[in-house]
Amino acid sequence: MIIAIDGPAGVGKSTVAKLLAARLGYLYLDTGALYRALAWKILKSRIHPTDQAQVTTLLPATSIHMQFQHGLVQVLVDGLEVTRDLRTPEVTTAASIVSAIPAVREWLLPIQRQISQRGSVVAEGRDIGTKVFPSAPFKFFLEADATVRVARRHRELVAVGRGETFEATSQDLSDRDRRDRTRSVDPLVPADDARFIDTSTLSPDQVVEQMIAAMSTGS
Ligand code: DC
-18 MIIAIDGPAG VGKSTVAKLL AARLGYLYLD TGALYRALAW KILKSRIHPT DQAQVTTLLP
42 ATSIHMQFQH GLVQVLVDGL EVTRDLRTPE VTTAASIVSA IPAVREWLLP IQRQISQRGS
102 VVAEGRDIGT KVFPSAPFKF FLEADATVRV ARRHRELVAV GRGETFEATS QDLSDRDRRD
162 RTRSVDPLVP ADDARFIDTS TLSPDQVVEQ MIAAMSTGS
């Protein structure tokens, strides 16, 4: 069983996907973490994320794995556990840039699909319902007002001790949105059969309830 959740940054996808996965006893497949893991290696290798040729050369020499233990997800790059290093602003920006490179998307596709063979998954990202798992029986596309998304992301950053300004968060989010929605391969677009949920005024639990209700009625 695969449940696909797509949507832009700051819409609450990760929180909701984690809750839903825990509730159903499914694996939580955070596909953004795979793009971030590759971005981490690119930065470590001192390659600029816009350098498509060098990034592409690095791919065959890279292995990315996800481990699931006691409800926790660990990401390994070339055997090294990097989970805690994937949320820095540098990795966030690099992941957004490299995710527009067609060879990167092609390379990550089988990795994502292989993970789904380990069990039922709630998979979250930008192209899950359109590209990675187009035949997923349940697809959700989350949206929220831009100001709500910026406020959520800013709160998250402040909570982990990053004192970036509201304006900087807003700029970062709109840059990432633009890149995600306008890239030539697998841009962020809802699948034709995705169900929309506007999370602007909903708590994560309320979003999960709506998803479960939609799945049980098949609507
Ligand atoms: O969801 P996230 O912010 O952790 O994702 C990091 C970057 O990876 C994001 O800028 C877009 C990209 N991404 C993607 O292009 N396709 C996915 N399925 C998941 C993430």
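Per the working numbering, residue -18 is the first one in the sequence shown, and the count goes up by one each step. From the three backbone atoms N, C-alpha and C, an ideal C-beta is built for every residue, glycine too. It should be emphasised that the depicted structure is a prediction, and the values quoted were computed from it without experimental measurement.
Which of helix, strand or coil does DSSP assign to E124?
strand
Taking 8 Å as the cut-off, decide whether the C-beta atoms of V36 and M47 are in contact.
no
Taking 7 Å as the line, does the beta carbon of S151 fall inside it for any heavy atom of ligand 3?
Judged by which ligands are present, ligand 3 is missing from the structure shown, whose ligands are ligand 1.
Is it the case that the CB of Y16 approaches a heavy atom of ligand 1 more closely than 7 Å?
yes
Considering only heavy atoms of ligand 1, does any lie closer than 7 Å to the CB of R157?
yes
Just to confirm, is the Cβ distance from L154 to Q93 under 8 Å?
no
Please name the residue, chosen from T73, T182, F49, A75, that lies closest to G100 on a Cα-to-Cα basis.
F49
For the alpha helix (DSSP H) that contains Q93, what are its first and last residues?
83 to 97
Identify, in the order they occur along the chain, each residue of the same chain with its Cβ nearer than 7 Å to the Cβ of K(-6), setting aside the five sequence neighbours on each side.
I(-14), G(-12), E105, L123
Simplified DSSP state of E145, which is helix, strand or coil:
coil
Apart from the five residues just before and just after I28, which ones in its own chain have a Cβ nearer than 8 Å to its Cβ?
Q35, V36, L39
Distance cut-off 7 Å: R65 Cβ against heavy atoms of ligand 1
no
If contacts are defined as beta-carbon pairs under 8 Å, then A172 and G110 qualify, I think. What distance do you get, rounded to the angstrom?
3 Å
May I ask you to check if the CB of A(-10) is nearer than 7 Å to at least one heavy atom of ligand 1?
yes
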